[in-house]
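Undergrad: The structure is given below, and queries will be raised subsequently.
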Ligand code: ADP
Ligand code: ADP
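In UniProt numbering, the protein residues as written are 2 to 233.
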């Protein structure tokens, strides 16, 4: 099966209020394994809503979300949590690192959430990931003492700790300067090639979007453009 499939997604906020607003309209979309996809569109067009539904962080009002062929709408809450923890990694603009924990501890956090026992293998993996993002020498520094770009690289390593098949990123470089932005995207591309991780990345930066295999433009809660580039 496709790694992610959305079928006829509608999303309305505020259904229990006098002023419900529909933000996604009969949206259907699927993603091929190991591809690098970007989602663009104006502020308020529904990109984050779409990504949150894709990532099972929020529910569609109607429609189906399949991940690896599993119909997440039909799964129990704890089964969806397990699928999310095992298959998905998230990177956000504001990285939500724990400031008073070290880089290494932050990277290990999503693993701790799975409540599996700490092993040498997982600590080795965390160290390897910190090496890949170029922060081996900072692994014992507290997150709050790292620069914005370094913190974002810790967040990327953290998103990879459980070896997710899919990374969902919402403006991952939104608060970084353009040089650091380029470095972070190069890093995401390397990870895509090395681990065959599927990437779905929201960006407002067309220059960044152009580097993806596919660009999807959302306009007023609908797919406005869907352009395939290299690879697919
Ligand atoms: P984008 O990511 O493209 O900027 P969003 O998905 O964040 O768009 O928002 C789409 C629309 O949905 C906007 O009009 C926004 O105000 C509205 N919206 C987003 N989240 C909520 C929410 N939790 N409750 C009500 N309205 C929301
Ligand atoms: P559960 O339903 O198991 O309690 P959570 O809602 O805590 O699951 O989220 C599961 C995963 O999604 C976690 O690994 C967490 O890293 C990620 N996640 C959820 N919301 C956010 C967020 N706002 N910022 C960063 N990661 C998030």
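Just so it is clear, CB atoms sit at the ideal spot from N, CA and C, and this is done for glycine as well.
1) Three-state secondary structure (DSSP) at residue 108?
2) Should residue 1 be labelled buried (16 or more other beta-carbon atoms within 10 Å of its own) or exposed?
3) Could you work out which residue in 110, 162, 196, 96 is closest to residue 153 when comparing CA atoms only?
4) Looking at C-alpha atoms only, which residue of 179, 228, 226 is the closest neighbour of residue 208?
5) Here's the rule: buried if 16 or more other CB atoms are within 10 angstroms of the residue's CB, otherwise exposed. What is residue 2?
6) Can you find a heavy atom of ligand 1 that lies under 8 Å from the Cβ of residue 60?
7) My understanding is that residue 100 touches residue 143, with C-beta atoms under 8 Å, so please give their C-beta distance in whole angstroms.
8) Return the bridge partner residues of residue 6 from the DSSP annotation.
9) Within 8 Å: the Cβ of residue 50 and any heavy atom of ligand 1?
10) Grab the span of the alpha helix (DSSP H) containing residue 179 for me, first residue to last.
11) Check whether the Cβ of residue 202 lies closer than 8 Å to any heavy atom of ligand 1, and answer yes or no.
12) Run the CB neighbour count on residue 22, radius 10 Å, all protein chains shown included, and call it buried at 16 or more, exposed below.
13) Considering only C-alpha positions, which residue in the set 39, 41, 58 is nearest to residue 79?
14) Would you say the beta carbon of residue 153 is closer than 8 Å to some non-hydrogen atom of ligand 1?
15) Using a Cβ distance threshold of 8 Å, determine whether the segment 131-146 contacts the segment 74-91, with at least three qualifying pairs required.
16) How about residue 9 and residue 31: are their beta carbons less than 9 Å apart?
17) So for residue 129, helix, strand or coil by DSSP?
18) When you compare each of 112, 119, 156 to residue 94 by their alpha carbons, which one comes out closest?
19) What does the alpha-carbon distance come out to for the pair residue 159 and residue 127?
20) Taking the runs of the alpha helix (DSSP H) that are 4 residues or longer, which of them lie wholly in the segment 15-62?
21) Regarding residue 43 and ligand 1, is the C-beta to nearest heavy atom distance less than 8 Å?
22) Looking only at C-alpha atoms, which of 63, 173, 138 sits nearest to residue 149?
23) Alpha carbon to alpha carbon, how far is residue 54 from residue 104?
24) Could you tell me the distance, in whole angstroms, from the CA atom of residue 202 to the CA atom of residue 187?
TA: According to the data block:
1) Numbered from 1 along the chain shown, position 107 holds the residue referred to as residue 108. Looking at residue 108 - three-state DSSP - the assignment turns out to be helix.
2) The chain is shown only over 2 to 233; residue 1 falls outside these bounds and no answer can be derived.
3) As a first step, residue 153 is located in the chain shown; it is residue number 152 there, counting from the start. The candidate whose alpha carbon is nearest that of residue 153 is 96.
4) As a first step, residue 208 must be located in the chain shown, where it is residue number 207. Residue 179 is the option with its Cα nearest to residue 208.
5) Along the chain shown, read from residue 1 onward, the residue named residue 2 stands at position 1. Counting Cβ neighbours within 10 Å, residue 2 comes out exposed, since fewer than 16 surround it.
6) If you number the chain shown from 1, residue 60 lands on position 59. Not under cutoff, so the answer is no.
7) As a working note, residue 100 is residue 99 in the chain shown. As a working note, residue 143 is residue 142 in the chain shown. So it is a contact: roughly 7 Å between Cβ atoms.
8) Walking along the chain shown from the start, residue 6 turns up at place 5. 31, 67, per the DSSP bridge assignment.
9) On the chain shown, position 49 is the one that residue 50 refers to. Residue 50 Cβ: within cutoff of ligand 1.
10) Stepping through the chain shown from its first residue, residue 179 is reached at position 178. Judged by DSSP secondary structure, residue 179 falls within the alpha helix (DSSP H) whose first and last residues are 179-196.
11) Your numbering for residue 202 matches position 201 in the chain shown. No, Cβ of residue 202 sits at least 8 Å from all heavy atoms of ligand 1.
12) The residue labelled residue 22 in the question sits at position 21 within the chain shown. The residue is exposed, with fewer than 16 neighbouring Cβ atoms inside 10 Å.
13) For this step, residue 79 is matched to residue 78 along the chain shown. Minimum Cα distance to residue 79 is reached at 58.
14) Looking up residue 153 in the chain shown gives position 152. For residue 153, the CB stays at least 8 Å from every heavy atom of ligand 1.
15) no
16) For the purposes of this step, residue 9 is taken as residue 8 along the chain shown, with counting starting at 1. For the purposes of this step, residue 31 is taken as residue 30 along the chain shown, with counting starting at 1. No.
17) Sequence index remark: in the chain shown, residue 129 carries index 128 (1-based). DSSP places residue 129 in the helix class (H, G or I) of the three-state scheme.
18) To locate residue 94, count along the chain shown from 1; it is residue 93. When each option's Cα is compared against that of residue 94, the closest is 156.
19) Counting from one through the chain shown, the residue named residue 159 turns up at place 158. Counting from one through the chain shown, the residue named residue 127 turns up at place 126. Approximately 8 Å between the Cα atoms of the pair.
20) 48-55
21) Numbered from 1 along the chain shown, position 42 holds the residue referred to as residue 43. Yes - ligand 1 has a heavy atom lying nearer than 8 Å to the Cβ of residue 43.
22) Counting from 1 along the chain shown, the entry for residue 149 is found at position 148. The candidate whose alpha carbon is nearest that of residue 149 is 173.
23) Counted from its first residue, the chain shown places residue 54 at position 53. Counted from its first residue, the chain shown places residue 104 at position 103. Roughly 29 Å separates the two Cα atoms.
24) Position 201 of the chain shown holds residue 202. Position 186 of the chain shown holds residue 187. Using only the alpha carbons, I get a separation of about 13 Å.
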